[in-house]
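The structure appears below as structure tokens.
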Amino acid sequence: MQNKDYESLVKLASKAAVAVAFILVTTKIYAWWISNSAAMLASATDSLLDVFASLTSFIILRFSLAPADEEHKFGHGKAENLAALMQSSFVLGSAILLMFHGADRVFNPTPIEHSNVAIGVSILAIVLTLALVILQKYVISRTKSVAIAADSLHYQSDLFLNLGVIVALLLSQFNMVYADGIFTILVGIFLIVGAVQIIYHSVHDLMDKELDESDLRIIKDIINANTDALGFHELRTRQAGKMKFIQFHLELPDQLVLVEAHKIAEQIEQALLAQFEHTEVLIHQDPHSVVPRELCREKA
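Per full-length UniProt numbering, the sequence shown runs over residues 1 to 300.
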């Protein structure tokens, strides 16, 4: 896929997410205002987080998709991880406040009014969120965007969240007054778990975590498939945004002329680029006789 197509699809998905989040937070705040439901407040808070997350993601994606420049020669991909850390901090604070509010409703239950309106808003939220997830799935299938995949995962969980709000509101209609507060606490726990997961993955990416084992296995298989190479060592990988970085030392026969060594390295590089989109490959060519010394230096 051309880089231009990647950018247009990713931007389309991020714009759609911002638009849906704005619609949902507006309607949910109205439903909470007239119903006085803590569960609806929790749902509105989650949608407010969606607005913040999707808007931040949209802004950061425009920056992270910018090509490498003189000051950022590896590109701007890590901006996505910085945005994720900002979002998760906001999520944590909001989730804690929600849990306190839910606990207060458990000990001091309040009657819910106009619950049918709140239920209708939750059904609207499910329809819009489902349409957004379908669009995101299409974009992910075409681009493999990590940022859109993370956003889509959150909106998929929102489907269950909105279903839970409907259940809590229905139970409240049958005089189960504690359901509203209990569900609000559960939403708070759910948001905290999600925020911790985002922090975990973002920190690992910022610290240049190796690619997944499945990707490493593919990389090793591609290198070993070239019969002209004698082996490799010091394989290092990382990812920043959409870009993957692969570097290693390629072991070649001592008597090989430079142009032939370059040709072999080029063949392996092209095979890796054919397997992994948006990837930068750096291959250092080593004569086989220096490999033992290289390996000793690596262990040291």
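Beta carbons: idealized from backbone N, C-alpha and C, even for Gly.
Taking one C-beta from the stretch 8 to 23 and one from the stretch 162 to 172 each time, how about it: are there three or more such pairs within less than 8 Å?
-> no
What does residue 237 pair with, by DSSP beta-bridge criteria?
-> Within the sequence shown, the letter at position 237 stands for residue 237. Residue 237 pairs with 246.
Span separating the alpha-carbon of residue 8 from that of residue 141 = In the sequence shown, counting from the first residue as 1, residue 8 sits at position 8. In the sequence shown, counting from the first residue as 1, residue 141 sits at position 141. For residue 8 and residue 141, the distance between alpha carbons rounds to 14 Å.
For my contact list, residue 127 and residue 156 are in at a C-beta cut-off of 8 Å; report their separation, rounded to the angstrom.
-> Numbered from 1 along the sequence shown, position 127 holds the residue referred to as residue 127. Numbered from 1 along the sequence shown, position 156 holds the residue referred to as residue 156. Their Cβ separation, rounded to whole angstroms, is 14 Å, which puts residue 127 and residue 156 out of contact at 8 Å.
Is it true that the CB of residue 42 sits closer than 9 Å to the CB of residue 98?
-> Position 98 of the sequence shown holds residue 98. Position 42 of the sequence shown holds residue 42. Yes.
Helix or strand or just coil, what does DSSP make of residue 255?
-> For the purposes of this step, residue 255 is taken as the residue at position 255 of the sequence shown. Residue 255: coil per DSSP, three-state reduction.
Tell me whether residue 5 sits in a helix, a strand or coil according to DSSP, three-state version.
-> Against the sequence shown, residue 5 aligns to sequence position 5. Residue 5: helix per DSSP, three-state reduction.
Between residue 182 and residue 27, what straight-line distance do the alpha-carbon atoms span, to the nearest angstrom?
-> Locating residue 182 in the sequence shown gives position 182, counting from the first residue. Locating residue 27 in the sequence shown gives position 27, counting from the first residue. Their Cα atoms are separated by approximately 23 Å.
Nearest-angstrom Cα distance between residue 160 and residue 270?
-> Working through the sequence shown from its first residue, we reach residue 160 at position 160. Working through the sequence shown from its first residue, we reach residue 270 at position 270. Rounded to whole angstroms, residue 160 to residue 270 spans 44 Å at the Cα level.
Mind reading off the beta-carbon distance from residue 37 to residue 169? Whole number of angstroms is fine, and I expect it under 8 Å.
-> Mapped onto the sequence shown, residue 37 falls at position 37. Mapped onto the sequence shown, residue 169 falls at position 169. Yes, they are in contact, since the Cβ atoms of residue 37 and residue 169 sit about 6 Å apart, within 8 Å.
Give a yes or no on whether 9 Å exceeds the smallest Cβ distance from residue 190 to chain C.
-> Although the question refers to chain C, the structure presented lacks it and comprises just one protein chain.
Three-state secondary structure (DSSP) of residue 160 | Sequence index remark: in the sequence shown, residue 160 carries index 160 (1-based). Note: residue 160 maps to helix in three-state DSSP.
Sheet register partners of residue 282 (DSSP bridge) = Your numbering for residue 282 matches position 282 in the sequence shown. In the DSSP output, where bridge partners are listed per residue, residue 282 has 247.
Going by other Cβ atoms of all chains shown within 10 Å of its Cβ, with 16 needed for buried, is residue 224 buried or exposed?
-> One-based indexing of the sequence shown puts residue 224 at position 224. Looking at its Cβ environment, which holds fewer than 16 other Cβ atoms inside 10 Å, residue 224 is exposed.
If you check the beta carbons only, do residue 88 and residue 198 fall under 9 Å apart?
-> Here residue 88 refers to the residue found at position 88 of the sequence shown. Here residue 198 refers to the residue found at position 198 of the sequence shown. Yes, the pair counts as a contact, with Cβ atoms nearer than the cut-off.
Give the range of the alpha helix (DSSP H) segment to which residue 229 is assigned.
-> Position 229 of the sequence shown, counted from the start, is the residue given in the question as residue 229. Unbroken run through residue 229: none, as it is neither H nor E.
Express the C-alpha separation of residue 221 and residue 227 in angstroms, rounding to a whole number.
-> Indexing the sequence shown from 1 puts residue 227 at position 227. Indexing the sequence shown from 1 puts residue 221 at position 221. Residue 227 and residue 221: Cα-Cα distance of roughly 12 Å.
By DSSP, does residue 287 sit in helix, in strand, or in coil?
-> Locating residue 287 in the sequence shown gives position 287, counting from the first residue. Note: residue 287 maps to strand in three-state DSSP.
Going by alpha carbons, who is nearest to residue 277 out of 195, 193, 143?
-> Along the sequence shown, read from residue 1 onward, the residue named residue 277 stands at position 277. That would be 143, whose Cα lies nearest to the Cα of residue 277.
Can at least three beta-carbon pairs, one atom from the stretch 280 to 291 and one from the stretch 250 to 260, be found at a separation below 8 Å?
-> yes
Integer-rounded CB distance, given that residue 103 should sit under 8 Å from residue 35 | The residue labelled residue 35 in the question sits at position 35 within the sequence shown. The residue labelled residue 103 in the question sits at position 103 within the sequence shown. So it is not a contact: roughly 20 Å between Cβ atoms.
Can you give the Cα-Cα distance for residue 218 and residue 138, rounded to whole angstroms?
-> In the sequence shown, counting from the first residue as 1, residue 218 sits at position 218. In the sequence shown, counting from the first residue as 1, residue 138 sits at position 138. C-alpha separation (whole angstroms): 25 Å.
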